[in-house]
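Written below as structure tokens is the structure these notes are about.
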Amino acid sequence: MLDILIQARQASIGNGLEVRRILPFRLRRMVGPFIFMDHAGPVNVSPAQLSALDVLPHPHIGLSTVSYLFGGQVTHRDSLGVEQIIRPGEVNWMTAGSGIAHSERFEDPSALAGGLEMIQTWVALPEKDEESNPAFTNYKPEQLPIFTETGVWMRLIAGDAFGLGNKVKTHSPLFYLHVVLKPGTHFGLPQGYSERGIYIVKGSLEMSGRFYEPGQLLVFTSGTDPVIIAREPTTLMLLGGEPLGNRYIWWNFVSSRKERIEQAKADWQAGRIKLPPNDHEQFIPLPQDNSRPAGGPAPEPLS
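The UniProt record's numbering numbers the first residue of the sequence shown as 1 and each following residue consecutively.
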């Protein structure tokens with residue numbers, strides 16, 4: 001029934017901000033179109049330490065970044081000129097397409113009172129959209145439908161699931177949900193998708209007599225109908241969709257073509273990807289292959 005169990009690994013994005021990295025995983029690179037998943041926090045720091053967490057401008061191609069907060073707030077600035085504060089319950093959906101640069105800064109000490117905690121995922125784009133124009137949209141909580149029943153609260157972040165839909169623009173069939181379960185609640189997964197995953201943010205689950213803990217991603221393929229049971233108050237992220245085919249990932253770049261990754265590396269090094277006009281004093285340089293820079297996973301050999 002369970003295709004693979006992925007245990008999050010500790011990683012640093014190079015500025016003192018430690019994260020739990022879930023995707024990519026060497027035995028399972030993607031779940032549907034989702035190719036990257038980081039869980040940061042909860043982080044409690046003093047106001048004097050706050051700016052040290054900033055992620056300086058860095059580039060992306062061939063993907064959409066999806067930022068979702070449980071606590072704190074982050075200021076997004078990008079090369080389109082967008083400046084947007086994201087707060088808990090909102091969604092920042094940035095489509096890099098042919099190339100964009102952005103920063104993520106932590107500028108309001110009062111927003112850290114409850115601790116910074118966020119999930120960032122990357123959604124790979126279909127080949128026809130990999131070179132689309134960059135775009136950014138912030139979606140407010142009232143634009144993201146909520147469903148409740150006994151023991152269940154859930155918000156649809158994107159896609160279609162459990163009869164819910166919203167106007168978050170996606171490029172391929174997928175679902176992405178924030179789910180909160182009360183102890184003893186039985187719950188299942190959306191139907192009609194080839195690949196589906198359950199990430200445990202906090203709490204714990206039981207399934208078929210086995211127990212699962214925070215930081216674990218349970219991945220299922222089509223043809224199964226798992227039933228999970230919350231053992232305590234439990235927060236989950238459900239995600240999945242239809243696979244897009246092979247993708248290469250190096251640092252912050254995703255593409256169906258190796259040569260496009262090489263072009264993106266050259267473009268960033270030569271300054272051909274614009275910096276955010278209101279955040280261009282510093283940026284993250286192209287890393288060496290053995291480094292672990294901020295803003296994305298460690299560069300890895302294209303294979």
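Glycine residues also receive a C-beta, built at the ideal position from the N, C-alpha and C atoms.
Pairing E127 with S256 gives a Cβ-Cβ distance under 7 Å. For D78, the three-state secondary structure derived from DSSP is strand. L116 has its alpha-carbon roughly 14 Å from the corresponding atom of I85. Residues of the same chain with a CB within less than 8 Å of the CB of E232, apart from the 5 flanking positions on each side, are P183, G203, S204 in chain order.
Under the three-state reduction of DSSP, E142 is assigned to helix. Relative to the Cα of S172, the nearest Cα in the group F162, Q10, L63 belongs to L63. Residue nearest to P145 within the set L177, P134, Q120, I119 is L177 (criterion: CA-CA distance).
If you compare the alpha carbons of L189, V55, G192, G72 with that of D108, the shortest gap goes to G72.
Excluding residues up to 5 positions away in sequence, I6 lie with their Cβ nearer than 7 Å to the Cβ of F25 in the same chain. A direct Cα-Cα distance of roughly 18 Å separates T221 from I200. DSSP places K202 in the strand class (E or B) of the three-state scheme. DSSP, reduced to helix, strand and coil, places E213 outside both helices and strands of the structure shown, so it counts as coil. In the structure shown, S255 falls within a strand segment according to DSSP collapsed to helix, strand and coil.
DSSP places S46 in the coil class of the three-state scheme, outside both helix and strand.
By the beta-carbon neighbour count (other beta carbons within 10 angstroms, threshold 16), S103 is buried.
Between K140 and the set D3, I157, A11, the nearest pair of CA atoms involves I157. In this structure, M118 sits near L69, with a CB-CB distance shorter than 7 Å.
Within the same chain, H186, E206 come within 6 Å of I229 by CB-CB distance, once the 5 residues on both sides are set aside.
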